[in-house]
Amino acid sequence: MLLEPEQIILIIEAAGTFAFAVSGATAAIRSRFDLFGIFVLAFVTAIGGGTIRDVMIGNLPVNWLTDTLAITSVIAGFIFTLLIYRRMKKLEGWLFTFDAAGLGLFTVMGTQIGLEAGMSVGISIALGTITGCFGGVLRDVLAGTKPLIFQEEIYAMAAVTGGIIFTLILNFFDALFVAQLTGIVVIVFIRVIAVRYKVGLPRMNVD
Amino acid sequence: MLLEPEQIILIIEAAGTFAFAVSGATAAIRSRFDLFGIFVLAFVTAIGGGTIRDVMIGNLPVNWLTDTLAITSVIAGFIFTLLIYRRMKKLEGWLFTFDAAGLGLFTVMGTQIGLEAGMSVGISIALGTITGCFGGVLRDVLAGTKPLIFQEEIYAMAAVTGGIIFTLILNFFDALFVAQLTGIVVIVFIRVIAVRYKVGLPRMNVD
Amino acid sequence: MLLEPEQIILIIEAAGTFAFAVSGATAAIRSRFDLFGIFVLAFVTAIGGGTIRDVMIGNLPVNWLTDTLAITSVIAGFIFTLLIYRRMKKLEGWLFTFDAAGLGLFTVMGTQIGLEAGMSVGISIALGTITGCFGGVLRDVLAGTKPLIFQEEIYAMAAVTGGIIFTLILNFFDALFVAQLTGIVVIVFIRVIAVRYKVGLPRMNVD
Chain A
670 MLLEPEQIIL
680 IIEAAGTFAF
690 AVSGATAAIR
700 SRFDLFGIFV
710 LAFVTAIGGG
720 TIRDVMIGNL
730 PVNWLTDTLA
740 ITSVIAGFIF
750 TLLIYRRMKK
760 LEGWLFTFDA
770 AGLGLFTVMG
780 TQIGLEAGMS
790 VGISIALGTI
800 TGCFGGVLRD
810 VLAGTKPLIF
820 QEEIYAMAAV
830 TGGIIFTLIL
840 NFFDALFVAQ
850 LTGIVVIVFI
860 RVIAVRYKVG
870 LPRMNVD
Chain B
670 MLLEPEQIIL
680 IIEAAGTFAF
690 AVSGATAAIR
700 SRFDLFGIFV
710 LAFVTAIGGG
720 TIRDVMIGNL
730 PVNWLTDTLA
740 ITSVIAGFIF
750 TLLIYRRMKK
760 LEGWLFTFDA
770 AGLGLFTVMG
780 TQIGLEAGMS
790 VGISIALGTI
800 TGCFGGVLRD
810 VLAGTKPLIF
820 QEEIYAMAAV
830 TGGIIFTLIL
840 NFFDALFVAQ
850 LTGIVVIVFI
860 RVIAVRYKVG
870 LPRMNVD
Chain C
670 MLLEPEQIIL
680 IIEAAGTFAF
690 AVSGATAAIR
700 SRFDLFGIFV
710 LAFVTAIGGG
720 TIRDVMIGNL
730 PVNWLTDTLA
740 ITSVIAGFIF
750 TLLIYRRMKK
760 LEGWLFTFDA
770 AGLGLFTVMG
780 TQIGLEAGMS
790 VGISIALGTI
800 TGCFGGVLRD
810 VLAGTKPLIF
820 QEEIYAMAAV
830 TGGIIFTLIL
840 NFFDALFVAQ
850 LTGIVVIVFI
860 RVIAVRYKVG
870 LPRMNVD
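These protein sequence lines map, in sequence, to chains A, B and C. Numbers in the working numbering are just positions in the first sequence, counted from 1, shifted up by 669. Numbers in the working numbering are just positions in the second sequence, counted from 1, shifted up by 669. Numbers in the working numbering are just positions in the third sequence, counted from 1, shifted up by 669.
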């Protein structure tokens, strides 16, 4: 028996939130935060992007305040990190896959929420990118490191590209689930290629 | 003649805002900020937590924009710090007490505002903790240091515990002022114990 | 043929947004961010102050989501910085002028928006100062440096002074455009004097 579209989206959301929480908790442990700090960083990383989006478009109270799945996924990611931190090396492949799925889903969802709020296509894609990427920015600011996303392999550009694909399909075929899934797959695919072949955005040479 | 409950709450609010402003101003002086920077850090530390809470639940315009007592207390804390900075060592006991009272009050008030906005108990306690603790997070981010609260003795856990006690009493006895005062006292008590006996949350050993 | 008041304001807004975007992009290049990071920092610097103001007073969705001129000016500033970065030394005079104009306009506009939202005069001037100055604070936090504005020559005080002049003229003469222009000119003038004569706010001596 196949899953319904809504169920597939929920599973991706749970996995993505979990992976974002793990990435926040891991960064907190590396910065030698205590238990509470680890939990907060897991939380902020997982819900930060969506919170910034909701605040900016006035979608208040922000989403996570009433989203039990998100909070449960964050707590699961937090506990998982505490249990498994020393052996995490072995799981990096899984975590990378989850993280890419989360980036894909959050970006597509953020773009969709922007369109539904009556924003222009460009602004909606920007909101999707913020949803996918700015949790990680908050994580790095709180951990006291320069935001990784501004210095890394193709991360935000994967989000932007996926957002564009999503809005194109939605516009021309009016098929929401196909657009969502294609957007997510494109983002995961770009992330895999970027990391596998170490592709990065150019930098300016500073004299 | 005894004070009314509302008056007691106002006095605690003024003392707590004052102490938070002093802690921000002190951090700014240590980071060698100029006069304006000292004022901004005093302000952000004192009103940051409540502002983040108000924004997230959509309680806009945020509280401090119309709260004369808060602004007056911040200005008093700012001026006090400038006058007394060199002799502050002697006053650390007072400032610690005020800070603990502020943490207590802000947490209890934030929890109450969350409940009044129709949030679940868990989310309301989280909002209370954010109200009490995130002004200090903003202070440390702006001062360019790692957030103290993520690395310190029991600070946020005092807030969480006080928030739980507050909601329990409110739920079972329906006595708002008793619940508020007990929540505040519990938080102050935990802070005193934690600092006196140097209790901290466990950390992960990083290899 | 003379320009209409609205046109003059739009030209100042475009120039100011452009200059703020250039300052963000430049900081990002110095922090060795990639292309996406440079764009985000240009964007955040230019729209950050107005976004914080809009969020706090509940003016949502925030302004830039529907402001094509702002977004176009940011993109122009971003591309300009990429093209001209190596020869930027020669343009510092122009960029300083644009930045001062932007500070002036954003402060005056933020103050006006505060007054229109029914805030008190003092709070409105604070909102104006936030509008003018906090994009730069976000820029420095994201770039991982201490906020320049808290350690620099008179920057925020220029904004505060201009905001006061603006509200005084508006109050006593009820002439919006005269008040706007005078406020902007005062801010630009103070910036020029401060930089020319290296005037700064006093600091506390830390033992």
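Ideal Cβ positions, reconstructed from N, Cα and C, are used throughout, including at glycine. From a predicted model like this one, the values you see are computed outputs, not experimental measurements.
| Asked | Found |
| --- | --- |
| Partners in chain C for threonine 720 (chain B), counting only beta-carbon separations shorter than 8 Å | Met725 |
| Proximity of glycine 779 (chain C) and arginine 722 (chain C) at Cβ, strictly below 8 Å | yes |
| Candidates C:Val691, C:Asp843, C:Gly706: closest to glycine 813 (chain C) by CA position | C:Gly706 |
| Min CB distance isoleucine 856 (chain A) to chain C below 8 Å | no |
| Beta-carbon neighbours of glutamine 820 (chain B), restricted to chain A and to distances below 9 Å | Ser700, Arg701, Phe702, Asp703, Gly706 |
| Residue-chain proximity (leucine 729 (chain C), chain A), Cβ-Cβ < 8 Å | yes |
| Exposure of glutamine 676 (chain B), with buried meaning 16 or more beta-carbon neighbours within 10 Å | exposed |
| Distance CB(threonine 737 (chain A))-CB(valine 691 (chain A)) smaller than 8 Å | no |
| Residues of its chain near glycine 746 (chain C), where Cβ-Cβ distance is below 6 Å and the 5 sequence neighbours each way are ignored | Phe687, Ala690, Val691, Ala711 |
| Proximity of phenylalanine 852 (chain B) and valine 777 (chain B) at Cβ, strictly below 8 Å | The amino acid at residue 852 (chain B) is misidentified as phenylalanine; the sequence shows glycine. Yes, the pair counts as a contact, with Cβ atoms nearer than the cut-off. |
| Straight-line gap, asparagine 732 (chain A) to threonine 798 (chain A) (C-alpha atoms, nearest Å) | 17 Å |
| Identity of the residue in A:Gly719, A:Ile744, A:Tyr824 nearest arginine 865 (chain A) by Cα | A:Tyr824 |
| Through-space distance from isoleucine 782 (chain C) to leucine 772 (chain C), alpha-carbon basis | 15 Å |
| Span separating the alpha-carbon of phenylalanine 835 (chain B) from that of methionine 826 (chain B) | 14 Å |
| Option in B:Ala739, B:Leu729, B:Met757 with minimal Cα separation from arginine 699 (chain B) | B:Met757 |
| Neighbour flag for glycine 805 (chain C) against chain A, beta carbons, 8 Å | no |
| Whether phenylalanine 775 (chain B) touches glycine 801 (chain B) by CB criterion (8 Å) | yes |
| Aspartate 768 (chain C) in three-state terms, based on DSSP | helix |
| Endpoints, alpha helix (DSSP H) assigned at glutamine 676 (chain B) | 674–699 |
| Residue-level contact to chain B via CB, valine 810 (chain A), 8 Å cutoff | yes |
| is_contact[glycine 717 (chain A), chain B] using C-beta, thresh 8 Å | no |
| DSSP state of phenylalanine 749 (chain C) mapped onto helix, strand, coil | helix |
| Valine 855 (chain A) beta carbon less than 8 Å from that of isoleucine 862 (chain A) | no |
| Own chain, CB closer than 8 Å to valine 724 (chain B), minus 5 neighbours either side, in chain order | Val731 |
| Beta carbon proximity, valine 709 (chain B) to chain C, threshold 8 Å | yes |
| Any C-beta of chain C under 8 Å from that of leucine 734 (chain B) | yes |
| Chain-ordered chain C contacts of proline 674 (chain A) [CB-CB under 9 Å] | Within 9 Å Cβ-Cβ: nothing; proline 674 (chain A) doesn't reach chain C, min ~28 Å. |
| Extent of the continuous alpha helix (DSSP H) run through serine 793 (chain B) | 790–812 |
| Classification of alanine 769 (chain C) by the beta-carbon crowding that lies within 10 angstroms, buried from 16 upward | buried |
| Cβ-Cβ distance between proline 674 (chain C) and phenylalanine 846 (chain C) below 8 Å | yes |
| Nearest neighbour of glycine 805 (chain A), chosen from A:Ile838, A:Phe819, A:Ala786, A:Asn840 [CA to CA] | A:Phe819 |
| Short Cβ contact (8 Å threshold) for alanine 694 (chain C) with serine 742 (chain C) | no |
| C-beta contact flag for alanine 696 (chain A) and alanine 715 (chain A) at 8 Å | no |
| CB of isoleucine 726 (chain B) within 8 Å of CB of leucine 796 (chain B), strictly | yes |
| Selection from A:Thr720, A:Ile792, A:Phe708 that minimises the alpha carbon distance to isoleucine 748 (chain A) | A:Phe708 |
| Neighbour list for alanine 908 (chain A) in chain C, Cβ cutoff strictly below 9 Å | Absent from the structure is residue 908 (chain A), since the part of chain A shown begins at 670 and ends at 876. |
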